[in-house]
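K.L.:
Chains as they are written, first to last, in our numbering: chain A, 1 to 263; chain B, 264 to 544.
1) Per DSSP, what kind of secondary structure is residue 469/B in: helix, strand or coil?
2) Give me the chain C residues within the contact set of residue 120/A, using Cβ-Cβ distance strictly less than 8 Å, ordered along the chain.
3) Please list, in chain order, the residues of the region 277-293 of chain B that have any C-beta partner in chain A closer than 8 Å.
4) Give the C-beta separation of residue 313/B and residue 366/B to the nearest angstrom, bearing in mind that I take them to be a contact with Cβ-Cβ under 8 Å.
5) Would you give the residue range spanned by the alpha helix (DSSP H) that residue 17/A belongs to?
6) Go ahead and pull the three-state DSSP assignment for residue 539/B.
7) Taking Cβ-Cβ distances below 9 Å as the criterion, which residues of the region 496-518 of chain B are in contact with chain A?
8) If distances are taken between C-alpha atoms only, which option among 353/B, 324/B, 320/B and 325/B comes closest to residue 337/B?
9) Roughly how many angstroms separate the alpha carbons of residue 490/B and residue 347/B, rounded to a whole number?
10) Counting only beta-carbon separations shorter than 8 Å, does residue 248/A have a partner in chain B?
11) Please classify residue 250/A: does DSSP put it in a helix, a strand, or coil?
12) Compare the Cα-Cα distances from residue 33/A to each of 169/A, 99/A and 210/A and report the closest residue.
13) Residue 442/B CB to nearest chain A CB: under 8 Å?
14) Looking at the C-beta of residue 260/A, does it have a partner C-beta in chain B at a distance below 8 Å?
15) Leaving out five residues before and five after residue 495/B in sequence, what residues of the same chain have Cβ atoms less than 7 Å from its Cβ?
16) Note the first and the last residue of the continuous alpha helix (DSSP H) segment covering residue 369/B.
17) Is the beta carbon of residue 135/A less than 8 Å from the beta carbon of residue 87/A?
18) Which full runs of the alpha helix (DSSP H) of 4+ residues lie inside the region 487-532 of chain B, going along the chain?
19) Select from 133/A, 113/A and 236/A the residue whose C-alpha is nearest the C-alpha of residue 27/A.
20) Which residues mark the beginning and the end of the alpha helix (DSSP H) in which residue 218/A is found?
21) Helix, strand or coil for residue 124/A? Go by DSSP, reduced to three states.
22) Against residue 173/A, what residues of chain B qualify as contacts under a CB-to-CB distance less than 7 Å, listed in chain order?
23) For chain B, find out if any of its Cβ atoms is closer than 8 Å to the Cβ of residue 92/A; answer yes or no.
24) Could you tell me which chain A residues have their CB closer than 8 Å to the CB of residue 446/B, listed as they occur along the chain?
25) Suppose contacts are defined by Cβ-Cβ distances below 8 Å. Is residue 167/A in contact with residue 387/B by that definition?
26) Could you please tell me which residues of the region 52-71 of chain A, in chain order, have their CB closer than 8 Å to any CB of chain B?
27) Do you know whose CA, among 372/B, 277/B, 444/B and 486/B, lies nearest residue 462/B's CA?
28) Would you mind sorting residue 204/B into buried or exposed? The rule is 16 or more other CB atoms within 10 Å of its CB.
29) For residue 548/B, return the contacting residues in chain A, with the cut-off set at a CB-CB distance below 7 Å.
30) By the 9 Å beta-carbon criterion, what residues does the region 179-203 of chain A contribute toward chain B?
31) Contact criterion: CB-CB distance below 8 Å. Does residue 333/B meet it with respect to chain A?
32) Anything in chain A within Cβ reach of residue 351/B, meaning under 8 Å, just list it in chain order.
33) Just by C-beta distance, which residues in the region 367-383 of chain B are closer than 9 Å to chain A?
34) Using a beta-carbon distance below 8 Å, is residue 157/A in contact with chain B?
35) What does residue 426/B pair with, by DSSP beta-bridge criteria?
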C-alpha cells in the first residue's frame with residue numbers, strides 16, 4: 001500500500017464537506033465541523049448559510065475561527081443577532097437544515113457525550129459540557145457528526161448522554177420529542193457511518209481509500225454493523241486539497257500573529 | 264448611575280457570598296473586573312456564565328467560587344479549563360457545586376430573569392441525561408397542546424458585570440458586535456457594573472443600537488483594554504496567543520498561582536496588568 005499524500009484529517013474534512021449542499025442552512029460547531037463547512041463554502045457550495053451560536057448568521061470567515069465568537073465571524077455575517085434569538089427563532093423553530101457537531105464519545109445509536117467520563121458526580125475526566133449541542137441535536141432537520149474513530153471514542157456503553165441521537169432506537173427519539181431526524185451522517189477518519197432507517201443503529205456505509213472493514217471494526221467499541229454494499233469514497237481532489245490547505249495556512253498565520261496588546 | 268473607578272465599583276457592589284453574572288460571549292469578556300474581584304479577595308461566590316472561559320478559570324483557581332451555573336466549560340479552540348477541572352475532579356482549592364445546563368437554557372433563563380418571570384421554558388434537553396443529574400432542569404406540559412417542555416429557574420444575579428465599547432457622561436452604555444446575552448444578564452441583575460473602553464460626551468449611536476440606559480446601570484468604570492485577552496470589536500483583537508499560552512500556565516497549581524501573583528495581585532490595577540504583559544511580550 002502506497003502512502004497517500006494527504007492526511008486522514010484532510011480526507012475526513014473533505015468527505016464531510018462533500019455532504020453539504022448549496023443553500024444548506026448549517027449550524028456549525030467549532031473544530032472539524034467548522035473546517036468542513038467552510039471548505040464546502042469555498043468549493044462546491046458558495047451559497048451555504050453558516051450559523052455559529054454566537055449569533056452570526058450567513059457568515060463567510062476568511063480564516064477558521066479559533067473561538068465561536070471571533071470578530072471575523074461578526075464582520076462577515078449577513079446579520080448578527082443576540083444569543084437568545086439564535087437558539088429560539090432560528091434553531092428551535094426549525095430553520096436549520098444541518099446541525100454539524102463534534103463530540104468526545106459516540107455510541108451505536110449516535111448519542112453523544114461531551115460532559116464527563118466516569119460518574120457524573122465524581123468524574124474521571126470532566127469534559128467541557130453541553131454548549132448548544134443538546135438543542136442542535138434535537139431541532140436541526142438532520143445532524144452530521146465528525147469525530148476520529150477509536151475504541152475510546154466509539155464506545156459500547158456511554159457514561160453520559162449529553163445530546164441525543166436515537167437514544168435506544170428511532171421510536172425512542174420520536175417519543176422523546178425531538179423535532180429533527182437525528183444523526184444522518186457520521187464522518188470519521190476511516191469512513192462514513194449512517195443509521196439503519198428502522199433501528200437507528202449506526203452502520204458502516206463508506207470507506208476511505210486504503211482502509212479496510214477490519215480497520216473500522218477494530219476502531220469501534222461495539223460489534224459494528226456493515227452495509228451490504230459499501231461505498232469506496234474517492235480520495236481528495238486537487239482543488240479540494242489545495243483549498244483546504246490554503247484555508248489552514250491562512251488560519252495558522254492569523255492565529256500566530258504577534259500579540260498586539262490594547263493600549 | 265455613578266462613574267467610579269473599577270476598584271471602587273467592585274468594593275461597593277460585590278460582596279462575599281453573592282451571585283454574579285459576568286457575561287460576554289467570546290467578545291467583550293469583563294476580565295479587568297474579574298481581576299479586581301481576585302485582588303479584593305471575594306469568597307463564596309456563585310458565578311453564572313454560559314462559557315466560564317479563562318475568566319472563571321482564574322476566579323475558580325483562586326478559591327473565590329463555591330458554585331457555578333454554566334453550559335460550556337472549555338478553553339475555546341484550545342482544550343480544557345484546567346482550574347475548573349481541578350476543582351471538579353480534585354476539589355482544589357475548594358469543592359465547587361455545578362448547576363449545568365445548555366446554552367439555549369442559559370439564554371432562556373437570563374431572559375426570564377430580565378422579564379420578571381420565575382422560570383424559563385424551552386423545547387430542550389431532549390433525550391439528554393442532564394435533567395437526571397441537575398434538579399434545576401424539570402419538565403412542564405403546555406396547558407394548550409400538552410407538549411412536554413423543559414423548564415429551568417430564572418437567572419437573577421445580585422450583580423451583572425459586563426464590558427462595553429462606550430459610555431457617555433450620563434452613563435448610557437453602548438455595545439457593538441457580538442452582544443451575546445449581556446443585555447439579558449444586565450436586565451436580570453439587581454445591580455449592574457459596566458466597564459467601558461472610553462467615556463464620551465455623546466454616544467451618537469444609530470437607532471436600534473444595543474444600549475443600556477443610564478438608569479438601569481449602577482456604576483460605569485472606564486477601563487481601557489478591560490476585555491483583554493478577549494476582544495473589543497473594532498478596537499482590539501482577541502489575544503489568541505494568550506488563550507493558547509493559558510493552557511500551559513494553568514496546567515499546574517503552582518504555575519497558575521505564580522502567574523496570578525505576578526500579573527494580577529502584584530500589578531495593582533488593569534493598566535499595571537497590561538503594562539506587565541507588554542513588558543514580557
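Backbone N, C-alpha and C fix where the C-beta goes; we use that ideal spot for every residue, glycine too. All of these numbers come straight from a predicted model, not from anything done at the bench.
P.N.:
The structure says:
1) coil
2) In summary, chain C is missing from the structure at hand, where the protein chains are A and B.
3) For the region 277-293 of chain B, residues whose beta-carbon sits nearer than 8 Å to a beta-carbon of chain A comprise 288, 289 and 290.
4) By a beta-carbon distance limit of 8 Å, residue 313/B contacts residue 366/B. Their separation comes to about 6 Å.
5) 8-18
6) helix
7) 496, 497, 498, 499, 500, 501, 502, 503, 504, 505, 506 and 507
8) 320/B
9) 21 Å
10) no
11) helix
12) If we check each option's Cα against that of residue 33/A, 99/A comes out closest.
13) yes
14) yes
15) 291, 428 and 460
16) 366-378
17) Yes, Cβ-Cβ distance for residue 135/A and residue 87/A is below 8 Å.
18) 503-512 and 516-526
19) 133/A
20) Under the DSSP assignment, residue 218/A falls in the alpha helix (DSSP H) whose first and last residues are 213-218.
21) strand
22) 390
23) yes
24) 82, listed in chain order.
25) no
26) 53, 54, 55, 56, 65, 66, 67, 68, 69, 70 and 71
27) 486/B
28) No answer is possible for residue 204/B: the residues shown for chain B start at 264 and end at 544.
29) Any question about residue 548/B goes unanswered here, given that chain B covers just 264 to 544.
30) Of all residues in the region 179-203 of chain A, 179 have a Cβ within less than 9 Å of some Cβ in chain B.
31) yes
32) 123 and 126, listed in chain order.
33) From the region 367-383 of chain B, only 367, 368, 369, 370, 371, 373 and 374 have a Cβ closer than 9 Å to chain A.
34) no
35) 458/B
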